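Residue numbers (our numbering): 143 to 728. Positions of the beta carbon are idealized from the N, C-alpha and C atoms, including for glycine. A quick note: this is a predicted structure, and the numbers were derived from the prediction, not measured.
In structure tokens form, the structure reads like this:
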């Protein structure tokens, strides 16, 4: 951590040449897609076209060979490529795009990632330095993390992946071992061609392509700036599928020539950094084993270590308190320890099975695209994920009762060491009951009736209703509508019915949109109108997407709450979730 490095000042210095026009190499932007819906892909294409950089070409690489995507590319005015044979999944698709483009620099955005206007301005300047082959940027997301959303904590808790981008990659930057994270990065074409293009032997083509570059002596850079935003998986099963793919791809390192322990050219520090990235996946297996320990104590009499309560209080508690006190500071308040523990419990059983299966049969499963832009109308309880935890919760509850009973009624029949361990087992079981219970509540996927996200944006607007013009301020905006608080109360007292046609004017953006009032909320301060936009032209859609997604600096990191506040938020979510909507099980 002494070598933690932030590249923001470097970006300030390098971007001067780009902004002045003295360094503007040709840039090819590749957007690989397979089954993402047009509504998601449109945002990415429009965002790439809005980039404030003159010398760029945009290529949609459609492995789904869909006519609707071809028409979308033609409508928006970008290149469309569909290779004849779909081999090697995303890596093969990107390599096909490389063969059919020629820019000096290559940028990759997944189909759901939308860049801000200054993405290229902030990144391209680094390539004035010939040794730099890769610039990976911070990946943030414009929809809530699914676990925190299911618990009702999405407004207080950041995405779980923030640990990687706000803490982990800063450390990797300090050892010149920045990994490529699959989207929102820029590569030097000559370096990419020198290492043979994107690695096709693994489903984690991004990771091993970066390792190849580093082994060839190139420098890889991490820029910790929010220059794009994408979609996280929108249900727990999709989130699990994504994590399983990441885990399989990372562990395939042991079985390919890009193994960071054996590939020539890496320094010892780089090998340690890459190897740690592999080893961290085994934390999931150990977390599962720790859930089983209290059960083994109660039913099998297994004592995994010898310690009485005074030993525990003297040695472990100070360490634990010190870890909690420094956890948020060291990780730049990216994600709390208690919430991270709950998160790990949610997926520990299927992920552990995937890790063990990969070690036995590393290439038995190919690349699986994470579904994006999905919708659900009802709350869904994920039984397949929940059943192992339900069984574990019941067994843990029984073990807690047995140990508490032994603690109270049979304390005299045990030696002091055995008695202390029974007490320890009872406390351990109680904690596991709490964590598993919260994890089970997170199995209720909440409804997501539309693929469109709503953003809290305050903008001065004018509403034209017939001959009347009113002023107001938007509360929330989306691609399909807006919520507007009127400046004066009482206007719609006689017109509280819905379906009133209006024209919404955004003066600053010089944008006018036809809409319909679909709901009226008579707030104490002033009426709040919910508007649904009528059919929008291509130009109106473009300008609305740019307004919602492409403004520099609009994506801000949410600081993680402290441990005590996290505990309070969890208890508050329990109260909120006591009454759940009607559920549909899958």
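- The three-state reading of DSSP puts residue 460 in helix, counting H, G and I together.
- For residue 201, the uninterrupted beta strand (DSSP E) run begins and ends at 198-204, by DSSP.
- A buried status is given to residue 355, since no fewer than 16 other beta-carbon atoms sit within 10 Å of its beta-carbon.
- Residue 645 is positioned such that its CB atom lies closer than 8 Å to that of residue 606.
- In this structure, residue 394 sits near residue 344, with a CB-CB distance shorter than 8 Å.
- Sixteen is the threshold: when 16 or more other Cβ atoms of the shown chains lie within 10 Å of the Cβ of residue 580, as they do, the residue is buried.
- Around the C-beta of residue 204, 16 or more other C-beta atoms lie within 10 Å, and the residue is accordingly described as buried.
- Membership of residue 625 in the beta strand (DSSP E) is indicated by the continuous run 623-628.
- Per DSSP, reduced to three states, the secondary structure at residue 594 is coil, with no helix or strand assignment.
- Annotation for residue 232: the continuous alpha helix (DSSP H) segment containing it runs 231-241.
- For residue 432, there is no enclosing beta strand (DSSP E); the residue is part of the alpha helix (DSSP H) that begins and ends at 425-442.
- In this structure the stretch 285-301 touches the stretch 366-376; the number of beta carbon pairs closer than 8 Å is three or more.
- The beta carbon of residue 652 is closer than 8 Å to none in its chain, skipping five residues each way along the sequence.
- The beta carbon of residue 193 lies closer than 7 Å to those of 257, 259, 261 and 262 in the same chain, with the five residues before and after it left out.
- Rounded to whole angstroms, the separation of the alpha carbons of residue 573 and residue 682 is 53 Å.
- Taking C-beta atoms as the reference points, residue 174 and residue 253 count as a pair closer than 8 Å.
- When DSSP reads this structure, residue 171 sits in a beta bridge with 200 and 249.
- Distance check between residue 389 and each of 711, 603, 504 and 675 places 504 closest, using alpha-carbon atoms only.
- Scanning its chain for C-beta atoms nearer than 8 Å, with the 5 sequence neighbours on each side dropped, one finds around residue 603 the residues 613, 614, 615, 616, 624, 626, 646, 647, 648 and 649, in chain order.
- With distances taken between CA atoms, residue 517 lies nearest to 593 out of 484, 593, 564 and 460.
- In the DSSP assignment, residue 415 falls within the alpha helix (DSSP H) that extends over 410-421.
- Each residue's CA atom was taken as its position, placing residue 670 and residue 692 some 27 Å apart.
- Runs of the alpha helix (DSSP H) lying entirely within the stretch 288-363, each at least 4 residues long, are 288-292, 311-316, 331-336 and 347-357 in chain order.
- Taking each of 491, 296 and 508 in turn and checking the Cα distance to residue 428, the smallest one comes out for 491.
- Nearest in C-alpha terms to residue 240, of all of 169, 269 and 300, is 169.
- Taking C-alpha positions only, residue 630 is separated from residue 672 by approximately 16 Å.
- Residue 611 carries a strand assignment under DSSP once its states are collapsed to helix, strand and coil.
- Within its own chain, the residues whose Cβ lies closer than 7 Å to the Cβ of residue 246, once the five positions on either side in sequence are excluded, are 167, 168 and 331, listed in chain order.
- Residue 650 has no beta-bridge partner at all, per DSSP.
- DSSP places residue 687 inside the alpha helix (DSSP H), whose first and last residues are 680-691.
- The three-state reading of DSSP puts residue 573 in helix, counting H, G and I together.
- Each residue's CA atom was taken as its position, placing residue 292 and residue 694 some 30 Å apart.
- Scanning its chain for C-beta atoms nearer than 7 Å, with the 5 sequence neighbours on each side dropped, one finds around residue 283 the residues 301, 371, 372, 373 and 374, in chain order.
- Taken through DSSP and simplified to helix, strand or coil, residue 674 comes out as strand.
- By DSSP's assignment, residue 278 forms a beta bridge with 327 and 364.
- Bounds of the alpha helix (DSSP H) holding residue 485 are 479-502.
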